[in-house]
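A.B. asks:
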Amino acid sequence: MAEQRDAGPAIRVTGLRKAFGRQVVLDGVDLEVERGQTLTVLGRSGGGKSVLLKLLVGLQKADAGSIRIGGRDLGELPLDALTEVRRKLGFLFQHAALYDSLTVGENVAFPLRRHTDLPDDERQRRVRELLSQVGMEDALEKLPGQISGGMKKRVGLARALALDPEIMLLDEPTAGLDPITAAEMIGLIQDSRRSREMSAVVVTHDLRSVEALADRVVLLEEGKIKVEGTFDEVKRQDDPFVTAFVRPTFGKPHE
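So the sequence shown is residues 13 to 267, counted in the numbering used here.
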């Protein structure tokens, strides 16, 4: 049974549709993420990118279509089985979503307390190890309000990695960061993905992130996939909408 579940791509999305009232956000999206592959998702603000991530992790339910994680259809799973699949997913929220009343260390320990039976000393060792990996070990006892936005994202990444996920979902990991901090964040994501051989889906507007991280790129337009391919293939597309996303880095600005 386990071998059957694990066959095929890490993620397979078929005919995915999601609407809020009359606003159709995703309209028949099909995509796959192979094991060990990073897919970046581009599109206009409000175009369904973050909704796609929330559907993948089960925070929202699709109106139609299917999502298979490791061969298991999320829509067909009872709650306990869905929880088991979610443990294989690490989610980095756009604004880190740390608990303000918990210290940095307690934030990283949260999934370990909730989903494991690790003894306290082993859990603390794991927390320090994770914070060390993202350069935040000195902030163990600080509250989120005492650290910068870039630091919060590092802590959010450490928390997302706490359960050794097979798949990472990252929502705008460099948004709001200065160029140096953004480059550091990209490096941390690269190192984490390579050392753990994870698959990843990255929603971003940052073309530096796309160029550094993406094995494949999807560009959404009006709820549908406009183009999909490698970053080089996307850059070569002769389409005004596609060009508008790559021109700020790879061409002249609009006159």
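Note that CB positions come from ideal geometry on N, CA and C, so glycine has one too.
Remember, predicted model here, so these are calculated numbers, not experimental data.
(1) Are the beta-carbon atoms belonging to Arg121 and Arg138 less than 9 angstroms from one another?
(2) Counting C-beta neighbours from all protein chains within 10 Å, is the total for Thr95 16 or more, i.e. buried, or is it exposed?
(3) Can Ala212 and Leu169 be called in contact, C-beta distance under 9 angstroms?
(4) So does Thr115 have its beta carbon nearer than 8 angstroms to some heavy atom of the ligand NAD?
(5) Can you tell me the Cα-Cα spacing of Gln106 and Val63, whole angstroms?
(6) Can you tell me whether Val146 is helix, strand or coil according to DSSP?
(7) From the DSSP output, in three-state form, read off Asp133 for me.
(8) Name the one or two DSSP bridge partners that Glu240 has.
(9) Evaluate contact between the stretch 65-85 and the stretch 242-249, counting only Cβ atoms and requiring at least three cross-stretch pairs below 8 angstroms.
(10) Please state whether the Cβ-Cβ distance between Gly82 and Val97 is less than 9 angstroms.
C.D. replies: If we stick to the structure as given:
(1) Taking the first residue of the sequence shown as 1, we reach residue 121 at position 109. Taking the first residue of the sequence shown as 1, we reach residue 138 at position 126. It is Ala, not Arg, that sits at residue 121 in the sequence shown. Yes, the pair counts as a contact, with Cβ atoms nearer than the cut-off.
(2) Here residue 95 corresponds to residue number 83 of the sequence shown, with the count starting at 1. The residue in question, Thr95, is exposed, as its Cβ has fewer than 16 Cβ neighbours within 10 Å.
(3) The residue labelled residue 212 in the question sits at position 200 within the sequence shown. The residue labelled residue 169 in the question sits at position 157 within the sequence shown. Taking 9 angstroms as the cut-off, the beta carbon of Ala212 is found no closer than this to the beta carbon of Leu169.
(4) The ligand NAD is not part of this structure, which contains no ligands at all.
(5) Looking up residue 106 in the sequence shown gives position 94. Looking up residue 63 in the sequence shown gives position 51. Distance between the alpha carbons of Gln106 and Val63 is about 12 angstroms.
(6) Counted from its first residue, the sequence shown places residue 146 at position 134. Coil.
(7) Position 121 of the sequence shown, counting from 1, holds the residue named residue 133. Asp133: helix per DSSP, three-state reduction.
(8) One-based indexing of the sequence shown puts residue 240 at position 228. Answer is Val230.
(9) no
(10) The residue given as residue 82 occupies position 70 in the sequence shown. The residue given as residue 97 occupies position 85 in the sequence shown. In contact: Gly82 and Val97 (Cβ atoms closer than 9 angstroms).
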